[in-house]
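Student: Structure in structure tokens, see below.
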Amino acid sequence: MSWVAENEEEKGGGVLSPRRMIGRIVSFSSGAEMEGGTKTPSSDSKEYRLKPEEELRLEVAEGKSDSVKLELAQGMAEIFGTELVCGNSYSFGPGSKLAVFTWHGCTLSIKGTPEMAYVARDTPMIIYLNTHAGVETLRKRAEKAEKRGPVVMLAGPVDVGKSTVTRILLNYATRMGRSPLYVDLDVGQSGFGIPGTIGASLVEQPASPDGEFANKAPLLYHYGSSNMGANPKFFKELCRVMADAVQKRLDASKKVKYSGALINTAGWVKDEGYSCLLFAVTTFNVDLIIVLDQERLYNELVRDVPPSVHVVYQPKSAGVVERSKRTRFASRMSRLRNYFYGNFESTYFPHTFDVKFSDLRIFKIGAPVVPKSCLPIGMTNEDAEMKLVQVAPSKELLNHMLSLSHATVDDEKTISTNIRGFIYVTNVDVERQTVTILSPQPRPLPDGVLLWSDVRFIDAN
Numbered sequence: 001m002s003w004v005a006e007n008e009e010e011k012g013g014g015v016l017s018p019r020r021m022i023g024r025i026v027s028f029s030s031g032a033e034m035e036g037g038t039k040t041p042s043s044d045s046k047e048y049r050l051k052p053e054e055e056l057r058l059e060v061a062e063g064k065s066d067s068v069k070l071e072l073a074q075g076m077a078e079i080f081g082t083e084l085v086c087g088n089s090y091s092f093g094p095g096s097k098l099a100v101f102t103w104h105g106c107t108l109s110i111k112g113t114p115e116m117a118y119v120a121r122d123t124p125m126i127i128y129l130n131t132h133a134g135v136e137t138l139r140k141r142a143e144k145a146e147k148r149g150p151v152v153m154l155a156g157p158v159d160v161g162k163s164t165v166t167r168i169l170l171n172y173a174t175r176m177g178r179s180p181l182y183v184d185l186d187v188g189q190s191g192f193g194i195p196g197t198i199g200a201s202l203v204e205q206p207a208s209p210d211g212e213f214a215n216k217a218p219l220l221y222h223y224g225s226s227n228m229g230a231n232p233k234f235f236k237e238l239c240r241v242m243a244d245a246v247q248k249r250l251d252a253s254k255k256v257k258y259s260g261a262l263i264n265t266a267g268w269v270k271d272e273g274y275s276c277l278l279f280a281v282t283t284f285n286v287d288l289i290i291v292l293d294q295e296r297l298y299n300e301l302v303r304d305v306p307p308s309v310h311v312v313y314q315p316k317s318a319g320v321v322e323r324s325k326r327t328r329f330a331s332r333m334s335r336l337r338n339y340f341y342g343n344f345e346s347t348y349f350p351h352t353f354d355v356k357f358s359d360l361r362i363f364k365i366g367a368p369v370v371p372k373s374c375l376p377i378g379m380t381n382e383d384a385e386m387k388l389v390q391v392a393p394s395k396e397l398l399n400h401m402l403s404l405s406h407a408t409v410d411d412e413k414t415i416s417t418n419i420r421g422f423i424y425v426t427n428v429d430v431e432r433q434t435v436t437i438l439s440p441q442p443r444p445l446p447d448g449v450l451l452w453s454d455v456r457f458i459d460a461n
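If you read the sequence shown in full-length UniProt numbering, its first letter stands for residue 1, the second for the next number, and so on.
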């Protein structure tokens, strides 16, 4: 793979072998992977014995009330790069899909009834480990030259495992003592906040086994739709703003600077979606693009990106599950529900209160496109796509998500100002001129502009 720089520490040059890289990852880890004694599984659990480089793939049914509990009884194992502690029990709720991989062999105990559970030998983990080794070599070169570390982008259509590979590379980086930035540009299944946003966060430790990184204060920007095609011009503007913020964060710390960034992207890779992808490549000064599972996209990018950008093709894992529209919708609802109420392991208690119409300043970004003949002199439809339009409180707000911006004045800077949180409109009383909202914090509502989103939340609590 030509994009992988030679490792100066290896005699004879070349890339670290997978076995040597495994040893280096383990040496930087917390010790969680060290073997403990074999634990006898209980009578209501099922035991799986995995050979080296095998993985146990698990799926928990949607709508299932009980969780599935996983325990590492012996050996060493990881979930998408996150080490499991021998003897600890890990719970996975409805809709969870995971793969427990082992480099050296292990024994796993499963309590509960997963929808699917099977052991797979054919996995792409060697490919991902080699990718990590190459990126780590580029980080070392950047550190030696005191330059910015590699910016890596994951690209591909929907359901090829982009988020998972991003997670693996982030986890391996932190286990090597790195602190990369994680940028998520997928507005449909946002890794931060809620759908309809893009975000970035500093990653300093591996994700929990359920996939959540410890994002103490992620940087979030409001897009206002889970459909990237709703306003591509505005999406590109947000990419520009986010790229500027990412560069400033890289410049603020040498450790972060040398660690670089990993960028997850949306699965819309045709037409305007491809244009947005190319724009992001240029705006974020991407060094390496990993294309998953689509050779056409790989060849298009090789043709269209600057020669300085390396593009590599990798197959998707056979364990990637194709999601239906219903599953995607359920996933979005789950993220919204978790934002307000927490998950099955950590419960939150949001607040409900009324707010007067007169105390609300709600805006949406983008005006309806009108015929050229109807536009004011000097104005174009492109201008309309970036326009801040006030929204009058009405029944139309019911069930919609609203983003609370840090902007306190509705001017041209509002659309590019980051957001502090979200509220949900549970009721609109036109007669009393009030809206009832669900908020993570008690009244009063913080001062700031509210941004309307077409994302709806159906609260079943």
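We put the beta carbon where it would ideally sit given N, CA and C, even for glycine.
Under a three-way DSSP split, which group does residue 271 fall into?
Tutor: On the sequence shown, residue 271 is found 271 positions in, with the first residue counted as 1. Residue 271 falls in the coil class under three-state DSSP.
Student: Please name the residue in 409, 424 and 200 whose C-alpha comes closest to that of residue 179.
Tutor: Within the sequence shown, numbered from 1, the residue matching residue 179 stands at position 179. Nearest option by C-alpha distance: 200.
Student: Measuring alpha carbon to alpha carbon, tell me which of 206, 186, 220 and 293 ends up nearest residue 193.
Tutor: For the purposes of this step, residue 193 is identified with residue 193 of the sequence shown, where counting begins at 1. If we check each option's Cα against that of residue 193, 220 comes out closest.
Student: What would DSSP say about residue 171, mapped onto helix, strand or coil?
Tutor: Within the sequence shown, numbered from 1, the residue matching residue 171 stands at position 171. Helix.
Student: Report buried or exposed for residue 310, applying the criterion of at least 16 other Cβ atoms within 10 angstroms of its Cβ.
Tutor: Indexing the sequence shown from 1 puts residue 310 at position 310. Buried.
Student: Rounded to whole angstroms, what's the CA-CA distance from residue 222 to residue 449? Just pull it up for me.
Tutor: Stepping through the sequence shown from its first residue, residue 222 is reached at position 222. Stepping through the sequence shown from its first residue, residue 449 is reached at position 449. C-alpha separation (whole angstroms): 12 Å.
Student: Can you look up residue 247 in the DSSP assignment and give me helix, strand or coil?
Tutor: Within the sequence shown, residue 247 is the residue found at index 247, counting from 1. Residue 247: helix per DSSP, three-state reduction.
Student: Name the two residues that bound the continuous alpha helix (DSSP H) containing residue 125.
Tutor: Your numbering for residue 125 matches position 125 in the sequence shown. Counting along the chain, the alpha helix (DSSP H) containing residue 125 begins and ends at 125 to 145.
Student: Within the same chain, show all residues whose beta-carbon is closer than 8 Å to that of residue 107, passing over the 5 residues directly before and after it, in chain order.
Tutor: Indexing the sequence shown from 1 puts residue 107 at position 107. For residue 107, where only same-chain residues beyond five positions count, the Cβ hits under 8 Å are 38, 47, 48, 49, 50, 72, 73, 74 and 75.
Student: Please name the residue, chosen from 185, 216 and 246, that lies closest to residue 236 on a Cα-to-Cα basis.
Tutor: Numbered from its first residue, the sequence shown carries residue 236 at position 236. Comparing Cα-Cα distances from residue 236 to each of 185, 216 and 246, the minimum goes to 185.
Student: Which class does residue 256 belong to by DSSP, given the choice of helix, strand or coil?
Tutor: Looking up residue 256 in the sequence shown gives position 256. Correct three-state label for residue 256: helix.
Student: Hey, out of 117, 104 and 113, whose CA is closest to residue 125's CA?
Tutor: Within the sequence shown, the letter at position 125 stands for residue 125. Comparing Cα-Cα distances from residue 125 to each of 117, 104 and 113, the minimum goes to 104.
Student: What does the alpha-carbon distance come out to for the pair residue 242 and residue 282?
Tutor: Taking the first residue of the sequence shown as 1, we reach residue 242 at position 242. Taking the first residue of the sequence shown as 1, we reach residue 282 at position 282. If I take the Cα positions, the gap works out to 13 Å.
Student: Taking its Cβ as the centre, do 16 or more other Cβ atoms sit within 10 Å of residue 296, making it buried, or is it exposed?
Tutor: Within the sequence shown, residue 296 is the residue found at index 296, counting from 1. Exposed, since its Cβ has fewer than 16 Cβ neighbours within 10 Å.
Student: Classify residue 446: buried if its beta carbon has 16 or more other beta carbons within 10 angstroms, exposed otherwise.
Tutor: Reading the sequence shown from its first residue, position 446 is the one you call residue 446. So residue 446 ends up on the exposed side.
Student: Between 440, 140, 246 and 362, which has its C-alpha nearest residue 349's C-alpha?
Tutor: For the purposes of this step, residue 349 is taken as the residue at position 349 of the sequence shown. Considering only alpha carbons, the answer is 440.
Student: Do residue 262 and residue 166 come within 8 Å of each other at the CB atom, strictly closer than that value?
Tutor: One-based indexing of the sequence shown puts residue 166 at position 166. One-based indexing of the sequence shown puts residue 262 at position 262. The answer is yes: Cβ separation under 8 Å.
Student: Going by DSSP, which residues form a beta bridge with residue 478?
Tutor: No information on residue 478 is available, as it lies outside the stretch 1 to 461 that the chain covers here.
Student: Under 7 Å Cβ to Cβ from residue 285, same chain only, skipping five residues before and after it: list those, please.
Tutor: Position 285 of the sequence shown, counted from the first residue, corresponds to residue 285. If we look at residue 285 and ignore the five residues flanking it on each side, its Cβ neighbours are 151.
Student: Taking its Cβ as the centre, do 16 or more other Cβ atoms sit within 10 Å of residue 172, making it buried, or is it exposed?
Tutor: What you label residue 172 is simply residue 172 of the sequence shown in a count that begins at 1. Burial call: buried.
Student: Measuring only the C-alpha atoms, how far is residue 354 from residue 435?
Tutor: Locating residue 354 in the sequence shown gives position 354, counting from the first residue. Locating residue 435 in the sequence shown gives position 435, counting from the first residue. Roughly 6 Å separates the two Cα atoms.
Student: If we ignore side chains and look at the alpha-carbon of each, how far apart do residue 316 and residue 160 end up?
Tutor: Position 316 of the sequence shown holds residue 316. Position 160 of the sequence shown holds residue 160. Approximately 6 Å between the Cα atoms of the pair.
Student: Can you give me the Cβ contacts of residue 399 inside the same chain, cut-off strictly under 7 Å, excluding the 5 residues immediately before and after it?
Tutor: Along the sequence shown, one-based indexing puts residue 399 at 399. Excluding sequence neighbours, residue 399 sits near 425, 456, 457 and 458.
Student: So for residue 363, helix, strand or coil by DSSP?
Tutor: Position 363 of the sequence shown, counted from the start, is the residue given in the question as residue 363. Correct three-state label for residue 363: strand.
Student: Helix, strand or coil for residue 456 per DSSP?
Tutor: For the purposes of this step, residue 456 is identified with residue 456 of the sequence shown, where counting begins at 1. The answer is strand: DSSP assigns residue 456 an E or B state.
Student: Looking only at its chain, what residues have a beta carbon closer than 7 Å to the beta carbon of residue 36, apart from the 5 residues adjacent to it on each side?
Tutor: Position 36 of the sequence shown, counting from 1, holds the residue named residue 36. Low confidence applies to residue 36: its pLDDT is 40, below 50, so where it sits in the model is not reliable, and the reading given next is rough at best. 86 and 87, listed in sequence order.
Student: Please confirm whether residue 356 and residue 452 have their CB atoms less than 8 Å apart.
Tutor: In the sequence shown, counting from the first residue as 1, residue 356 sits at position 356. In the sequence shown, counting from the first residue as 1, residue 452 sits at position 452. In this structure, residue 452 does not lie closer than 8 Å to residue 356 by Cβ.
Student: By the three-class DSSP mapping on this structure, what secondary structure does residue 80 have?
Tutor: Working through the sequence shown from its first residue, we reach residue 80 at position 80. Three-state DSSP puts residue 80 in coil, outside helix and strand.
Student: Please classify residue 431: does DSSP put it in a helix, a strand, or coil?
Tutor: Here residue 431 refers to the residue found at position 431 when the sequence shown is read from its first residue. Reduced to three states, the DSSP call for residue 431 is coil.
Student: I need the DSSP call for residue 348, collapsed to helix, strand or coil.
Tutor: By 1-based counting over the sequence shown, the position of residue 348 is 348. Note: residue 348 maps to coil in three-state DSSP.
Student: Residue 237 by DSSP, collapsed to three states: which one?
Tutor: As a first step, residue 237 must be located in the sequence shown, where it is residue number 237. In the structure shown, residue 237 sits in a helix (DSSP, three-state: H, G or I).
Student: Is it right to say residue 228 is buried, meaning 16 or more other beta carbons lie within 10 angstroms of its own, or is it exposed?
Tutor: Position 228 of the sequence shown, counting from 1, holds the residue named residue 228. Buried, because 16 or more other Cβ atoms sit within 10 Å of the Cβ of residue 228.
Student: Taking the alpha-carbon of residue 142 as reference, which of 100, 287, 79 and 320 has the nearest alpha-carbon?
Tutor: For this step, residue 142 is matched to residue 142 along the sequence shown. For the residues 100, 287, 79 and 320, the minimum Cα distance to residue 142 belongs to 287.
Student: In the DSSP assignment, the alpha helix (DSSP H) including residue 336 goes from what residue to what residue?
Tutor: The residue labelled residue 336 in the question sits at position 336 within the sequence shown. Residues 325 to 341.
Student: Helix or strand or just coil, what does DSSP make of residue 462?
Tutor: No answer is possible for residue 462: it lies beyond the span of the chain, which begins at 1 and ends at 461.
Student: Rounding to the nearest angstrom, what Cα-Cα distance links residue 291 and residue 156 in this structure?
Tutor: As a position in the sequence shown, residue 291 is number 291, starting the count at 1. As a position in the sequence shown, residue 156 is number 156, starting the count at 1. Using only the alpha carbons, I get a separation of about 5 Å.
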